[in-house]
Amino acid sequence: MSDYTALIAKQKQQLEEQLAKLNGANLSALEEKKAKLLKEVEAIDAEIVGKLKDLGIVSSSAKAGSKSKSQGIQVSFNRLMELFKEHKTEELNVRSLKLDTKQIKALVAEHSDKLALGGKGAWPVVKLKK
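Numbering-wise (this note's numbering), the sequence shown opens with residue 915 and increments by one.
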């Protein structure tokens, strides 16, 4: 009976080794596929940003294919001014409009004669100066 047990143990070990090789090959194939898809997504993102820049929806300071994740919608200065007109107000809540806070801060710094940043904590507002 011990020869039989040894044979079963050896076959079990061989099967486990084959399974490990197959899992490794599958994992490698999936990682390659993931890398390829990520490159495609980056290219599409860059194309979208380029088209949005052409339409004036994204400011020219936005980088195409940027690795940093945006925390909201990026708008140009002109689009921000349109939002003030559309909302008929001199103060826009950045978070409720889902605007990118970092980009809004950059616009305020760039156009400090016309814009100001206010609000408290997690609810920043951009104000139109008179």
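Ideal placement from N, C-alpha and C gives every residue a C-beta, glycine not left out.
Inset, instruction - Give the DSSP-derived three-state secondary structure of Val963 in the structure shown. - result: Helix at Val963.
Legend entry - Beta-ladder partner(s) of Asn1007, from DSSP: Paired residues: Val1039.
Inset, instruction - For Ile971, I'd like the list of residues in its chain whose CB is within less than 7 Å of its CB, leaving aside the five on either flank, ordered along the chain. - result: Excluding positions up to five away in sequence, the list reads Val989, Ser990 and Arg993.
Inset, instruction - Taking 9 Å as the cut-off, decide whether the C-beta atoms of Gly986 and Lys1002 are in contact. - result: For the pair Gly986 and Lys1002, the CB atoms are not nearer than the 9 Å cut-off.
Inset, instruction - Buried or exposed for Ile1018, please, with buried defined as at least 16 other CB atoms from any protein chain shown within 10 angstroms of its CB. - result: Classification for Ile1018: buried.
Inset, instruction - Could you spell out the range, first to last residue, of the beta strand (DSSP E) harbouring Lys1034? - result: Leu1029 to Lys1034 is the extent of the beta strand (DSSP E) around Lys1034.
Inset, instruction - Have a look at Ser1010 and Ala957 and give me their C-alpha separation to the nearest angstrom. - result: Approximately 29 Å between the Cα atoms of the pair.
Inset, instruction - Note down the Cα distance separating Glu1000 from Leu1029, rounded to an integer number of angstroms. - result: Distance between the alpha carbons of Glu1000 and Leu1029 is about 17 Å.
Inset, instruction - Consult DSSP for Ile1018 and reduce its assignment to one of helix, strand or coil. - result: In this structure, Ile1018 counts as helix in the three-state DSSP scheme.
Legend entry - Neighbourhood of Asp968 by C-beta, 8 Å cutoff - its chain only, sequence neighbours within 5 removed: Same-chain partners within the cutoff: there are none.
Inset, instruction - Specify the secondary structure class of Ile922 as computed by DSSP and reduced to three states. - result: For Ile922, the secondary structure class from DSSP, reduced to helix, strand or coil, is helix.
Legend entry - C-alpha distance - Leu921 paired with Gly938, whole-angstrom precision: If you draw a straight line from the Cα of Leu921 to the Cα of Gly938, it comes to about 26 Å.
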